[in-house]
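Protein chains: 2
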Amino acid sequence: MSRRKSGTATSHDVARVANVSQALVSRAFTGNGRIAPETRERILKAAEQVGWQPNALARSMVTGDAPLVAVITTRLNFDWRAQVLSRLLKAIQEWHLKPLLFYAESDAEVDRLLEEALSWRARGVIVTAGVVRENRAAAIIEKGQFLVALNRPANHEKGFSVATDNPLGGRMAAGLFLEEGRRRLLVLGGPQGSWAPSLRAEGFSEAAREAGLHAAIWNNDAMSTEAGRACAERLLALPGSEQPDAVFATNDAMALGFLDGLRGHRSIPDDIALIGFDNLPAADWPPYRLTTFEQPLEEMMRRLIAHVDVHGDGHLGGQTDDQQPQEESEPRARLIHCKPKLITRMTAGKTE
Amino acid sequence: MSRRKSGTATSHDVARVANVSQALVSRAFTGNGRIAPETRERILKAAEQVGWQPNALARSMVTGDAPLVAVITTRLNFDWRAQVLSRLLKAIQEWHLKPLLFYAESDAEVDRLLEEALSWRARGVIVTAGVVRENRAAAIIEKGQFLVALNRPANHEKGFSVATDNPLGGRMAAGLFLEEGRRRLLVLGGPQGSWAPSLRAEGFSEAAREAGLHAAIWNNDAMSTEAGRACAERLLALPGSEQPDAVFATNDAMALGFLDGLRGHRSIPDDIALIGFDNLPAADWPPYRLTTFEQPLEEMMRRLIAHVDVHGDGHLGGQTDDQQPQEESEPRARLIHCKPKLITRMTAGKTE
DNA sequence: CTGAAAGCGCTTACAG
DNA sequence: CTGAAAGCGCTTACAG
Chain B
9 MSRRKSGTAT SHDVARVANV SQALVSRAFT GNGRIAPETR ERILKAAEQV
59 GWQPNALARS MVTGDAPLVA VITTRLNFDW RAQVLSRLLK AIQEWHLKPL
109 LFYAESDAEV DRLLEEALSW RARGVIVTAG VVRENRAAAI IEKGQFLVAL
159 NRPANHEKGF SVATDNPLGG RMAAGLFLEE GRRRLLVLGG PQGSWAPSLR
209 AEGFSEAARE AGLHAAIWNN DAMSTEAGRA CAERLLALPG SEQPDAVFAT
259 NDAMALGFLD GLRGHRSIPD DIALIGFDNL PAADWPPYRL TTFEQPLEEM
309 MRRLIAHVDV HGDGHLGGQT DDQQPQEESE PRARLIHCKP KLITRMTAGK
359 TE
Chain E
9 MSRRKSGTAT SHDVARVANV SQALVSRAFT GNGRIAPETR ERILKAAEQV
59 GWQPNALARS MVTGDAPLVA VITTRLNFDW RAQVLSRLLK AIQEWHLKPL
109 LFYAESDAEV DRLLEEALSW RARGVIVTAG VVRENRAAAI IEKGQFLVAL
159 NRPANHEKGF SVATDNPLGG RMAAGLFLEE GRRRLLVLGG PQGSWAPSLR
209 AEGFSEAARE AGLHAAIWNN DAMSTEAGRA CAERLLALPG SEQPDAVFAT
259 NDAMALGFLD GLRGHRSIPD DIALIGFDNL PAADWPPYRL TTFEQPLEEM
309 MRRLIAHVDV HGDGHLGGQT DDQQPQEESE PRARLIHCKP KLITRMTAGK
359 TE
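Protein chains in written order, with my numbering: chain B, 9 to 360; chain E, 9 to 360.
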């Protein structure tokens, strides 16, 4: 007769109703250990009558293994972040774990959240926002949890990172522009110090440099459509001699805003070719028809899942101790790069 | 020396290092009970050295109160659903609970997920997808958990539902069209039997009927931009006498696709006025400038939070038993309707 | 096939 | 201020 959660029955209550020991109730639900089919039926019936089902917390405690995975995420703004989370939730659901979400309002919070996540003794943690400090990464790995970083470094040799090959995307964009004979290159970058956008910009710049060209970079704190529009205005104000003829936007939001800002002032792709990154749904809409890169979400998820499985946390809660270096299907690669896929539309590249 | 989770220390290990009883370790971390400041310091240091922090599962078990809230969600497709989840995660984080997510691939799964959710003995469950069966709703409430349904019925007198006032939105849209002298009305509806879209359509139809007009309805299974485009084609194929002069799309995705489909064939709003629903970011983009309704997300969250607080699950884990009918600030209203806000842009309404 | 008992890792009265 | 003990709700050897 505990005072809190008065409505909640326990396995003892069920045992009483079914006229069996409490242990049998447990067996009826776990399927472990012998139990007569008819007893089991009786117990199931009693449980339903009482409205009871095993307490997952208690189960996790006693088995020493909670079917949880911590997911660090942040604001789901207009962005491919929602797609990632959606796909991630689905995958986690499919392998019968429960995602415990940690929402970081800013990158600074991520470390604290990671610490909190640890206290739930989850199977592991998937980081889709912010930065993983090396200490923290080590603490997670030491506890036997897996650590997966999406589109960011894992900062630990036993951590795992799946990322789009951002530099390659940049190089491909530059390559396409060069092939078309474009010479005056501009990239719409992200904030200083950002990971993915900077790598995209660098890949682009490098390829340009190798062709003996220089790519200007305009950094943007927000990477929003507004930022893209602002860049368009800035471009329109440039003297004719400095006008770029090819622009690589390190994300689609900026590219779309940029297109809107240029509308009526420049002919695309004749005056200016444009390539974005992300392949947002809007990139395919008639007013935009943006040539852009699709991030290989499905492949990334496959790799992620493969890693987690190898780690020993297979579908049905395998053991957690895998000391021996058995990295079979995923041979020791801790940083997986997945190739972005160029989607050619109107704003750059030959349209078929 | 348990075999599993070998890396994980317990409070006993910390006690040993700090040379105190295990109970004191607990006190050092909970802050409950007397403890000498210097002992506390010593324990904290020992814990850090050992790399230990309280096991949240164990704590939840013994206190009989897990700081969890179950959230039922589904595919985060291009949609306001991501916004809702984002805002929800933030709110849950702010009141120091952890969201345990349940991802429903289809509405049919929702009931099963709800059952699973129950096993975690969470404070409550927030449903943002699918339908809550009455039985299940009752089971949840009986267990002392709160039940909040977002934009759908809670199906229980003690459940709580926050929704946009969808019929009102429909009425407002119709009102605006009528005021402009439009007479040939069409609504782009959702799937048969959908909740929110149907209510929007009904509100619209009713208002039209009251004005002695009939509104045609075209149902759409997908409510996507593609569906909107298809509707545009269908409209263009209509004989001139049946051409509508005002269209109410029950979501923005369809409205945007519809605009794209009409582009070059009809003049908006001269030939056809259009109103959407959701106020997606793209509704404000130059090629669209869609008049639409903003769903009052912030207000909905405020009401939701107020309900949960009243329910007794305040910020820092208050007691769960609140039998007395103390519905102070939220006087007994179980279904809260929040007014949608008309955002007037180019496609309908007088622009200032 | 079934039951009594130990134990998971904590928190919290209850004594000192 | 501190410690020994009981107990949270289960699962799982271990005996019968």
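Built from N, CA and C at the ideal position, the CB exists for glycine as well.
Complete runs of the alpha helix (DSSP H) confined to the segment 147 to 204 of chain B [at least 4 residues] = Entirely contained in the segment 147 to 204 of chain B, the alpha helix (DSSP H) runs reaching 4 residues are, in chain order, 174 to 187.
key: Residues of the segment 63 to 76 of chain B with Cβ closer than 9 Å to any Cβ of chain E, in chain order   = So the close ones are ASN63, ALA64, LEU65, ALA66, ARG67, SER68, MET69, THR71, GLY72, ASP73, ALA74 and LEU76.
ask   = When DSSP labels each residue in this structure, what does B/ASP286 get in the three-state scheme?
value = The DSSP-derived three-state label of B/ASP286 is strand.
ask   = At a Cβ cut of 7 Å, what residues of the segment 124 to 148 of chain B count as close to chain E, listed as they run along the chain?
value = Residues passing the 7 Å Cβ filter: LEU126, SER127, TRP128, ARG129 and ALA147.
task = Give, in chain order, every residue of the segment 93 to 109 of chain E whose Cβ lies closer than 8 Å to some Cβ of chain B.
result = So the list reads LEU93, SER94, LEU97, LYS98, ILE100, GLN101, LYS106, PRO107, LEU108 and LEU109, given in the order they occur along the chain.
inquiry  = Please report the distance separating the alpha-carbon of E/ARG160 from that of E/ARG342.
reply    = Taking the straight line from one Cα to the other gives about 12 Å.
ask   = So, helix, strand or coil for E/ILE344, using DSSP?
value = Looking at E/ILE344 - three-state DSSP - the assignment turns out to be strand.
ask   = Quick one: which chain B residues come within Cβ less than 8 Å of E/GLY59?
value = Within chain B, the C-beta atoms nearer than 8 Å to that of E/GLY59 come from ALA147, GLU150 and LYS151, in chain order.
Distance, B/GLY357 Cα to B/VAL70 Cα = So the alpha carbons of these two residues sit roughly 60 Å apart.
request  = Give me the Cα-Cα distance between B/PRO289 and B/LEU282, rounded to the nearest whole angstrom.
outcome  = The straight-line gap from Cα to Cα measures roughly 17 Å.
query = Secondary structure at E/GLU113, three-state DSSP: helix, strand or coil?
reply = In the structure shown, the three-state DSSP call for E/GLU113 is coil.
inquiry  = Just verifying my parser: in three-state terms, what is the DSSP assignment at B/PRO62?
reply    = Assignment of B/PRO62 by DSSP, reduced to helix, strand and coil, places it in the coil class.
inquiry  = Tell me the DSSP secondary structure of E/TRP88 in three-state form.
reply    = Here E/TRP88 sits in helix by DSSP.
ask   = Do three or more CB pairs link the segment 170 to 180 of chain B to the segment 202 to 220 of chain B at distances below 8 Å?
value = Touching, yes, given that three or more Cβ pairs across the two stretches are closer than 8 Å.
query = Which class does B/PRO252 belong to by DSSP, given the choice of helix, strand or coil?
reply = Under the three-state reduction of DSSP, B/PRO252 is assigned to coil, being neither helix nor strand.
ask   = Quick one, which of E/GLY265, E/GLN153 and E/ARG190 has its alpha-carbon nearest B/ASP292's?
value = It is E/GLY265.
ask   = Is B/ASP229 buried or exposed, if buried means 16 or more other CB atoms sit within 10 Å of its CB?
value = When all chains shown are included, B/ASP229 counts as exposed.
inquiry  = Using 8 Å as the threshold, is the C-beta distance between E/GLY284 and E/ASP260 below it?
reply    = Between E/GLY284 and E/ASP260, the CB-CB gap stays under 8 Å.
Neighbour flag for E/LEU84 against chain B, beta carbons, 8 Å = Yes, E/LEU84 counts as interfacial toward chain B.
task = Taking B/ALA238 as the reference, give the member of B/ARG208, B/LEU270, B/GLU214 and B/PHE256 with the closest Cα.
result = Comparing alpha carbon positions, the residue from B/ARG208, B/LEU270, B/GLU214 and B/PHE256 closest to B/ALA238 is B/LEU270.
task = For the alpha helix (DSSP H) holding E/VAL33, just list the boundary residues, first then last.
result = For E/VAL33, the enclosing alpha helix (DSSP H) starts and ends at 30 to 38.
task = With DSSP collapsed to three states, give me the class of E/VAL140.
result = Reduced to three states, the DSSP call for E/VAL140 is coil.
ask   = Just curious, the alpha helix (DSSP H) that B/THR233 is in, first and last residue?
value = 233 to 244 is the extent of the alpha helix (DSSP H) around B/THR233.
task = Report yes if the C-beta distance between E/LEU176 and E/GLY211 is below 8 Å; otherwise report no.
result = Taking 8 Å as the Cβ cut-off, E/LEU176 and E/GLY211 qualify as a contacting pair.
query = Got a sec: which bits of the segment 267 to 281 of chain B sit with their beta carbon under 7 Å from any beta carbon on chain E, in order along the chain?
reply = Taking 7 Å as the Cβ-Cβ cut-off, the segment 267 to 281 of chain B approaches chain E at ASP268 and ARG271, given in chain order.
request  = Determine the burial state of B/THR300: buried for a count of at least 16 other Cβ atoms within 10 Å of its Cβ, exposed for fewer.
outcome  = Buried, since its Cβ has 16 or more Cβ neighbours within 10 Å.
Which of helix, strand or coil DSSP assigns to E/PRO107 = Here DSSP, grouped into helix, strand and coil, assigns E/PRO107 to strand.
ask   = Exposed or buried, what is E/LEU76 when buried is set at 16 or more other beta-carbons lying within 10 Å of its beta-carbon?
value = E/LEU76 comes out buried.
Under 7 Å by beta carbon: chain B residues contacting E/TRP226 = Listed by position along chain B, the residues whose Cβ is nearer than 7 Å to that of E/TRP226 form an empty set, because the closest Cβ is around 21 Å away.
Cβ contact (3+ pairs, closer than 8 Å) linking the segment 87 to 100 of chain B and the segment 37 to 44 of chain E = Touching, no.
key: Residues that DSSP places opposite B/LYS349 in a beta bridge   = B/LYS349 pairs with B/GLU302.
query = By the 10 Å Cβ neighbour count, where 16 or more other Cβ atoms means buried, how is E/SER29 classified, buried or exposed?
reply = E/SER29 should be labelled exposed.
ask   = Contact check, B/ALA209 vs B/GLY178 under 8 Å by CB: the rounded distance?
value = Right, their Cβ atoms sit about 6 Å apart.
request  = Work out the CA separation of B/ASP279 and E/THR233 for me, nearest whole Å.
outcome  = Using only the alpha carbons, I get a separation of about 30 Å.
inquiry  = I want to verify the contact list: residues of chain B whose CB lies under 7 Å from the CB of E/PRO294, in sequence order.
reply    = By Cβ distance, chain B contributes ASP268 and ARG271.
ask   = In its own chain, which residues sit with a C-beta less than 6 Å from the C-beta of B/ILE361, not counting the 5 before and 5 after it?
value = In the structure as shown, chain B begins at 9 and stops at 360. Residue 361 of chain B is therefore absent and cannot be evaluated.
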